[in-house]
Amino acid sequence: IIKFTTSSSSIQEEEGLNLIFLSLSNHISHIKMEKIGKRFEGKVVIVTASTQGIGFSIAQRLGFEGASVVISSRKQENVDEAVKKLRDGGIEVLGLVCHVSNAQQRKNLIDKTIQKYGKLDVVVSNAAVNPSVDAILETKASVLDKLWDINVKAAILLLQDAAPYLKKGASVVLISSISGYSPPASMGMYGVTKTALLGLTKALAAEMSPDTRVNCVAPGFVPTHFTDFITSNEQVRRDIEGKTLLNRLGTTQDMAAAVAYLASDDASYVTGETLVVAGGMPSRL
């Protein structure tokens, strides 16, 4: 117990309160970890674009459930920060710089994983960009190339590198989007690339069967740095919330829980499917 006397300085009091809050935070995290369970004990998981937002929450959730997680980002500083957070939570983690459109960095991601852990059980392909809000017919060729390269092509090429190490019982989860079902005007081409992932899930599930399951999660609108347009405009936020049946936005933890289910043995008879996690927003092609 930390006690304060009337002679304590305000700085000492602040430091004491910080210690209390840190202790409570660690205690709450420990309780959450115990409640979650250990479905990924002894498994090795790669999650791309996983130092922030949905990707980080996926890595954290799978790590809490016992996985050794390999996280990646384009920037070393982001990798270092995320690795520290995960290790502070008791998670075994390897952090690597990887721009998914870079062939050598993709190969290095797989090679370093195998060198350190000797195997690979789960791949979560989460990387995506949305560099333009232009209408599709006004989108420059270079932007179209970037959207295709990162949102679709990179996932395929990463799995080409990973496939030799994915043995019986392995799992792949692609991250699509609710916008893949009905691309909004300001995210038209982005939505189209996410539609492509729905088809890719079906095709890969057949190609990688029976040893590896391939599924997909299509998140609804989740406030993250990637979607800061939601939190920066209160009216936009309310409009989106009103389109859900649950009258709220999703959280990164909601998405992580869905990925954890599909990647786990609880979904051992599920493959080729897309799980829409969007609070009841319409999702029909």
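Quick note on numbering: the sequence shown equals residues 1 to 285 in full-length UniProt numbering.
Even glycine gets a Cβ: it sits at the ideal position worked out from N, Cα and C.
N- and C-terminal bounds of the alpha helix (DSSP H) containing residue i
i    : result
T48  : Unbroken run through T48: none, as it is neither H nor E.
A196 : G188 to M208
R87  : Q76 to D88
S68  : Looking at the DSSP string, S68 is not in any alpha helix (DSSP H); the run it does join, the beta strand (DSSP E), is S68 to S73.
R106 : A103 to Y117
A263 : T252 to A263
Buried or exposed by the 16-neighbour rule on C-beta atoms within 10 Å, applied to residue i
i           : result
N233        : exposed
I54         : buried
E13         : Because E13 sits at a pLDDT of 48, beneath the cut-off of 50, its placement in the model cannot be relied upon, and the point is left open.
residue 290 : Because the chain here runs from 1 to 285, residue 290 falls outside it and cannot be looked at.
K84         : exposed
L109        : buried
K168        : exposed
A162        : buried
V236        : exposed
S25         : Residue placement at S25 cannot be trusted, given a pLDDT of 48 that sits under 50; the coordinates are not used to answer.
Residue range of the beta strand (DSSP E) that includes residue i
i    : result
G169 : L166 to I175
I178 : Segment: none, I178 is in no beta strand (DSSP E) and carries neither H nor E.
D129 : Sequence inspection shows Val at residue 129; the Asp mentioned does not correspond to that position. Neither: V129 is in no beta strand (DSSP E) and is coded neither H nor E.
G242 : Careful: G242 lies outside any beta strand (DSSP E), inside the alpha helix (DSSP H) at E234 to G242.
L275 : T274 to V277
Reference residue i; option with closest CA among the options
i           : options                   : result
G66         : V79, P219, R39 and D88    : R39
V277        : D265, Y261 and Y269       : Y261
A185        : L197, Q160, N130 and C216 : N130
L159        : V123, Y181, Y190 and T224 : V123
V270        : R106, G220 and K202       : K202
R284        : P210, C216, E273 and G180 : G180
V217        : V173, Y190 and L157       : V173
residue 316 : G188, T195 and A82        : The first residue shown for the chain is 1 and the last is 285, placing residue 316 beyond what the model contains.
Other residues of its chain near residue i: CB distance less than 8 Å, five sequence neighbours each side excluded
i    : result
A49  : G55, S72, S73, V100, N126, A127 and A128
S112 : Note that residue 112 is Lys in the sequence shown, not Ser. Only V70, L94 and L96 meet the Cβ criterion.
Whole-angstrom distance between residue j and residue i, CA atom to CA atom
i    : j    : result
R213 : N151 : 20 Å
F64  : G191 : 31 Å
M255 : P219 : 6 Å
R106 : A155 : 10 Å
Own chain partners of residue i with C-beta closer than 7 Å, once the 5 adjacent residues on each side are dropped
i   : result
A59 : V47, S50, V69, I71 and L86
6 Å Cβ shell around residue i - same chain, five flanking residues per side excluded
i    : result
M208 : V214
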